[in-house]
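Terminal number for the sequence shown in this note's numbering: 478, no gaps in between.
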Amino acid sequence: ETEPRTPKTPGDSVDSSSYWSVVRKGYEELVHAIIRPPRAEYELERLGPIHFTYCGKKFRRTDLELVNQRGLILQCSWWE
Numbered sequence: 399e400t401e402p403r404t405p406k407t408p409g410d411s412v413d414s415s416s417y418w419s420v421v422r423k424g425y426e427e428l429v430h431a432i433i434r435p436p437r438a439e440y441e442l443e444r445l446g447p448i449h450f451t452y453c454g455k456k457f458r459r460t461d462l463e464l465v466n467q468r469g470l471i472l473q474c475s476w477w478e
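This is the structure we're talking about:
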């Protein structure tokens, strides 16, 4: 019968599978932060005025909604 392994340092895990589960969870969180980051939520008013002038040129923003193939509504702004 073998004795259970004891940790050598406070951060040393007794079970190596728990180490890999921590690594896997950290990797998944990193992937989700880069590939699918949390969506920003804000009011349309925070985008600023619909009509504005920049460097002597006039611009206009048109806000619209598009529905993608999965049926999700995409909030968009078209700048002219």
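A virtual CB, placed ideally from N, CA and C, is assigned to each residue, including glycine.
Three-state secondary structure (DSSP) of residue i
{"i": "I433", "result": "helix"}
{"i": "L464", "result": "strand"}
Alpha-carbon to alpha-carbon, residue j and residue i
{"i": "R444", "j": "D461", "result": "13 Å"}
{"i": "W476", "j": "R458", "result": "8 Å"}
{"i": "L464", "j": "S415", "result": "45 Å"}
{"i": "I432", "j": "E478", "result": "30 Å"}
{"i": "Y452", "j": "E441", "result": "23 Å"}
{"i": "R434", "j": "L428", "result": "10 Å"}
{"i": "G469", "j": "G446", "result": "28 Å"}
{"i": "N466", "j": "C474", "result": "12 Å"}
{"i": "K423", "j": "A438", "result": "23 Å"}
Residues bridged to residue i [DSSP beta-bridge criterion]
{"i": "Y452", "result": "K455"}
{"i": "W476", "result": "T460"}
C-beta neighbour in chain C for residue i, strict 7 Å
{"i": "K455", "result": "Going by chain labels, chain C is absent from the structure shown, which holds only one protein chain."}
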